[in-house]
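These protein sequences, in sequence, are chains W and C.
0 is the number of the first residue of the first sequence in numbering that gives the first Met the number 0; add one for each residue after it.
0 is the number of the first residue of the second sequence in numbering that gives the first Met the number 0; add one for each residue after it.
Every residue gets a Cβ at the ideal spot worked out from N, C-alpha and C, and that includes glycine.
Number of protein chains: 2
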Amino acid sequence: MKRLDDLETPALVLDRDVLDSNLARMRERMSRLGVTLRPHVKTTKSIDILRRASPSAPGPITVSTLKEAEYFFEHGVRDILYAVGIAPGKLAHAADLTRRGADLTVVVDNLEAASVVEAVAMREQVRFPVLIELDVDGHRSGVTPESGLLLAIGRRLSSGRGAFLHGVMVHAGESYNCRSDDELRVAAERERAGAVRAAQRLRAEGLAAPVVSVGSTPTATFATDLSGVTEVRAGVYMLHDLVMAGIGVCKIEDIALSVLVSVIGCQQERGWIITDGGWMSLSRDRGTSNQPTDQGYGLVRDLAGRAPPEDLIVRTANQEHGIIGRRDGQPPDFSRYPVGTLLRILPNHACATAAQYNLYQVVAGLDSTILATWSRINGW
Amino acid sequence: MKRLDDLETPALVLDRDVLDSNLARMRERMSRLGVTLRPHVKTTKSIDILRRASPSAPGPITVSTLKEAEYFFEHGVRDILYAVGIAPGKLAHAADLTRRGADLTVVVDNLEAASVVEAVAMREQVRFPVLIELDVDGHRSGVTPESGLLLAIGRRLSSGRGAFLHGVMVHAGESYNCRSDDELRVAAERERAGAVRAAQRLRAEGLAAPVVSVGSTPTATFATDLSGVTEVRAGVYMLHDLVMAGIGVCKIEDIALSVLVSVIGCQQERGWIITDGGWMSLSRDRGTSNQPTDQGYGLVRDLAGRAPPEDLIVRTANQEHGIIGRRDGQPPDFSRYPVGTLLRILPNHACATAAQYNLYQVVAGLDSTILATWSRINGW
Numbered sequence: 000m001k002r003l004d005d006l007e008t009p010a011l012v013l014d015r016d017v018l019d020s021n022l023a024r025m026r027e028r029m030s031r032l033g034v035t036l037r038p039h040v041k042t043t044k045s046i047d048i049l050r051r052a053s054p055s056a057p058g059p060i061t062v063s064t065l066k067e068a069e070y071f072f073e074h075g076v077r078d079i080l081y082a083v084g085i086a087p088g089k090l091a092h093a094a095d096l097t098r099r100g101a102d103l104t105v106v107v108d109n110l111e112a113a114s115v116v117e118a119v120a121m122r123e124q125v126r127f128p129v130l131i132e133l134d135v136d137g138h139r140s141g142v143t144p145e146s147g148l149l150l151a152i153g154r155r156l157s158s159g160r161g162a163f164l165h166g167v168m169v170h171a172g173e174s175y176n177c178r179s180d181d182e183l184r185v186a187a188e189r190e191r192a193g194a195v196r197a198a199q200r201l202r203a204e205g206l207a208a209p210v211v212s213v214g215s216t217p218t219a220t221f222a223t224d225l226s227g228v229t230e231v232r233a234g235v236y237m238l239h240d241l242v243m244a245g246i247g248v249c250k251i252e253d254i255a256l257s258v259l260v261s262v263i264g265c266q267q268e269r270g271w272i273i274t275d276g277g278w279m280s281l282s283r284d285r286g287t288s289n290q291p292t293d294q295g296y297g298l299v300r301d302l303a304g305r306a307p308p309e310d311l312i313v314r315t316a317n318q319e320h321g322i323i324g325r326r327d328g329q330p331p332d333f334s335r336y337p338v339g340t341l342l343r344i345l346p347n348h349a350c351a352t353a354a355q356y357n358l359y360q361v362v363a364g365l366d367s368t369i370l371a372t373w374s375r376i377n378g379w
Numbered sequence: 000m001k002r003l004d005d006l007e008t009p010a011l012v013l014d015r016d017v018l019d020s021n022l023a024r025m026r027e028r029m030s031r032l033g034v035t036l037r038p039h040v041k042t043t044k045s046i047d048i049l050r051r052a053s054p055s056a057p058g059p060i061t062v063s064t065l066k067e068a069e070y071f072f073e074h075g076v077r078d079i080l081y082a083v084g085i086a087p088g089k090l091a092h093a094a095d096l097t098r099r100g101a102d103l104t105v106v107v108d109n110l111e112a113a114s115v116v117e118a119v120a121m122r123e124q125v126r127f128p129v130l131i132e133l134d135v136d137g138h139r140s141g142v143t144p145e146s147g148l149l150l151a152i153g154r155r156l157s158s159g160r161g162a163f164l165h166g167v168m169v170h171a172g173e174s175y176n177c178r179s180d181d182e183l184r185v186a187a188e189r190e191r192a193g194a195v196r197a198a199q200r201l202r203a204e205g206l207a208a209p210v211v212s213v214g215s216t217p218t219a220t221f222a223t224d225l226s227g228v229t230e231v232r233a234g235v236y237m238l239h240d241l242v243m244a245g246i247g248v249c250k251i252e253d254i255a256l257s258v259l260v261s262v263i264g265c266q267q268e269r270g271w272i273i274t275d276g277g278w279m280s281l282s283r284d285r286g287t288s289n290q291p292t293d294q295g296y297g298l299v300r301d302l303a304g305r306a307p308p309e310d311l312i313v314r315t316a317n318q319e320h321g322i323i324g325r326r327d328g329q330p331p332d333f334s335r336y337p338v339g340t341l342l343r344i345l346p347n348h349a350c351a352t353a354a355q356y357n358l359y360q361v362v363a364g365l366d367s368t369i370l371a372t373w374s375r376i377n378g379w
């Protein structure tokens, strides 16, 4: 069997044991809270990983692109929520998926989009379930739970032709900026309360809103009560990353993903170890730069995934060069890192890093044996 | 014929006229300076684009990965410089390329790598031409032109077995931080002088160093004299981007690449237009953030590539959401950007943005007709 040492670098490594532990923890959590887990596949984009995330049946899922919807539908997943406000130019494609048997839910947050969804659905002779996107923290899209617009969109979707109101969804994106467990619990309750309130207002108008969908990995991890919520969406919990660890959502040991790199030289005077793991392999994501601990372009581990004796991070990166140094700026013991040494870099942001690869090299624990190679998709 | 309006967004758009003009300008410049242009294909990674960059014959080229080397070799390119210090684990692959007929040059900047190159070449029964990488500006890898190590590596490569010294190469990466034409001219001369000096020192020791390879798009654009240099490497000049415009290397009108996005909603109170062009489509690169003009995640153009009446940038981005606003923070005229409006986003960094796609949608000038679809590769 191949081992990590047999790979050309950079390569994307996934620790199956850590993955499975992350998956089980979130499943148990959602089960305890009495809600359906609708995993967001935008992080992992892999049917192999989804089958482990949802072992009883692959789905329901959340997607961020119609390409993900196509890929998972081809692999037998029917219940799909496309959780980005639908662009009119994508509706014909969405209708085609629906005609082929997908149970595809789309999202709107304005009257124009609601009207276009209805018009295209009628033209294409399909019926789209529609969720209204809510805004509870000023993060990006959505209407506020108390707005008149919420009810206006609900009524617009109540003609019974083409589209039908299916409920509400919200993503508490600002939870990524929380700095304590208490703040995370507050963010989770704000997300829950806003979604439930919006659904209640729609129902009070006589509009059906059976689905109350909330989620983000931070709020899913810290919610203590999900009364009134029907489903939770989360994605990065499967792999975790340094940003999640920085928020306090996971421990460093829960990070399942790493990038395998080779040492190609050093600059001893500057305290630099040079590798072939540049920003193309790690992504340009610097999500820890505004956290209490800035991890540079990633935190360094040895080939077995263990912390080296010195606290090393990827300090800077060019396209195909990574520059590793000690966090404290002191020179590392260069004798430990001769040319050809393999290292593993824990990523700032799993979604961004994984997107640079088509394959996961799957290992388990300290063993470098490659147990499987799992594919993933990218693009649109 | 298909038009940009027929595409699902996000999509990568390439203006062929701007590309051809960028290509011609650099070719003429290098011809005038009397050096060979060895285009760096790490930006564009497309045989279709290389054929326009080097119309007489596809090559010589510079690559940043062996995957690029494989791809271009399969398309008929023989003369390939792999311009990243070679990792020992890649040498068997490099030898295989050589055996199949590629004229592949590798790069080292230390004695360990030089020894490994020689040893693997002997084992694999090939001969690698080797360039010694130089450091003239403390940017990343390389030995200084005045160092004893330069000569030691040169001597190590002079056994005549397996590897042979072919010359020196340098990349003045710090030129990206220049802020004036004068600084750029100084950086270009520092790059030239360092490379020529290193080659002279090697030759004075009786070592052959016929190749003197320099390059970066900024220094290639501002060099006024390249005496002693044999070839220039540059890549991003083909497409240009906002970082290059910020340095003064190109005008905004020279940027050939853009990302087509759809408006999916707005948040009027916050002055935000929401699109489906998030950081996955634009890349996480924020290379203009430390330049005099911070372009956010990109500068907004209309469907035809023209500047809109208001100065709009992508202010923030989520994975599949882009948030556009006026640079001055004032609310835009929302009536101009209804749901479904198509916009084009000029990227901070062409290398990073193009890497999120497998295809270029090729247009010319103000016309939205798609004239061709060119493929590109990614990964390792």
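Judged by beta-carbon spacing, proline 330(C) lies beyond the 8 Å limit of glutamine 290(C), meaning their Cβ atoms are not closer than that value.
At least one CB of chain W lies nearer than 8 Å to the CB of tryptophan 379(C). Contact note: isoleucine 312(C) does not reach chain W at a C-beta cutoff of 7 Å; the least C-beta distance is about 16 Å.
Annotation for glycine 270(C): Gly324, Pro330 place their beta carbon closer than 6 Å to its own, counting only its chain and skipping 5 residues before and after.
Nearest CB-CB separation between glutamate 190(W) and chain C: not below the 8 Å threshold.
Identification of chain C residues near threonine 64(W) by a Cβ-Cβ cut-off of 7 Å yields Glu319, ordered along the chain.
Secondary-structure assignment with DSSP links phenylalanine 127(C) through a beta bridge to Ala162(C).
Rounded to the nearest whole angstrom, the CA to CA distance from serine 179(W) to leucine 96(W) is 42 Å. With respect to the 8 Å criterion, valine 258(W) and threonine 42(W) are not classified as neighbours on the basis of their beta carbons.
For leucine 256(C) and alanine 10(W), the gap between their C-alpha atoms comes out near 28 Å. For asparagine 109(C), the C-beta contacts it makes with chain W under 9 Å involve Ile263, Gly264, Cys265, Val338, in order along the chain. Here glycine 264(C) carries a strand assignment [DSSP, helix/strand/coil].
Taking C-beta atoms as the reference points, arginine 283(C) and alanine 351(W) count as a pair closer than 8 Å.
By alpha-carbon distance to leucine 103(C), the top candidate from Ala118(C), Ala113(C), Met121(C), Val125(C) is Val125(C). Selection Val231(C), Thr220(C), Tyr81(C), Asp4(C) evaluated against glycine 247(C) yields Thr220(C) as nearest (Cα-Cα). The region 158 to 172 of chain C makes contact with the region 128 to 137 of chain C; the number of CB pairs closer than 8 Å reaches 3 or more.
Put simply, the region 104 to 114 of chain W touches the region 82 to 95 of chain W. At least three CB pairs are less than 8 Å apart. Chain order gives no chain C residues near cysteine 177(W), where near means a beta carbon separation below 8 Å; the closest approach is about 16 Å. In chain order, Leu65 place their CB closer than 7 Å to the CB of lysine 89(W), counting only its own chain and leaving out the 5 sequence neighbours on each side.
Glutamate 27(W) sits exposed, since fewer than 16 C-beta atoms from the chains shown fall within 10 Å of its C-beta. One alpha carbon belongs to aspartate 5(W), the other to valine 129(C), and they sit about 24 Å apart. Looking at the DSSP output, proline 38(C) bridges to Ala233(C).
Straight through space, the alpha carbons of arginine 285(C) and serine 158(C) are spaced by roughly 46 Å.
Uninterrupted alpha helix (DSSP H) stretches at least 4 residues long and entirely within the region 258 to 333 of chain C occur at 278 to 281, given in chain order. If you draw a straight line from the Cα of serine 215(C) to the Cα of methionine 237(C), it is about 12 Å long.
Within chain W, the residues Ser261, Val338, Gly339 have their CB atoms less than 8 Å from the CB of proline 87(C), given in chain order. When the five nearest sequence neighbours on each side are left out, the beta carbons in the same chain lying within less than 8 Å of the beta carbon of glycine 161(W) are those of Val116, Glu117, Ala118, Val119, Ala120, Met121, Val125, Arg126, Phe127, in order along the chain. Listed along chain C, the residues sitting closer than 8 Å to histidine 92(W) by beta-carbon distance are Glu7.
Excluding its 5 nearest sequence neighbours in each direction, isoleucine 273(C) has C-beta neighbours in its own chain below 8 Å: Val262, Ile263, Gly264, Cys265, Gln266, His320, Gly321, Ile322, Ile323, listed in chain order. Taken through DSSP and simplified to helix, strand or coil, leucine 49(C) comes out as helix. Excluding the 5 residues flanking it on each side, valine 338(W) has same chain C-beta neighbours closer than 7 Å at Val262, Ile263, Gly264, in chain order. The beta carbon of leucine 342(W) sits closer than 6 Å to the beta carbons of Val260, Val299 from its chain, once the five residues preceding and following it are set aside; these are given in chain order. Separation of glutamate 309(W) and leucine 302(W) (C-alpha to C-alpha, rounded to the nearest whole angstrom) is 15 Å.
Here isoleucine 251(W) has Ala244 as same chain residues with Cβ atoms under 6 Å from its own Cβ, once five neighbours each way along the sequence are excluded. Using a CB distance cut-off of 8 Å, methionine 279(C) counts as an interface residue toward chain W. Approximately 7 Å separates the beta-carbon atoms of leucine 3(W) and glutamine 360(W); this is inside 8 Å, confirming the contact.
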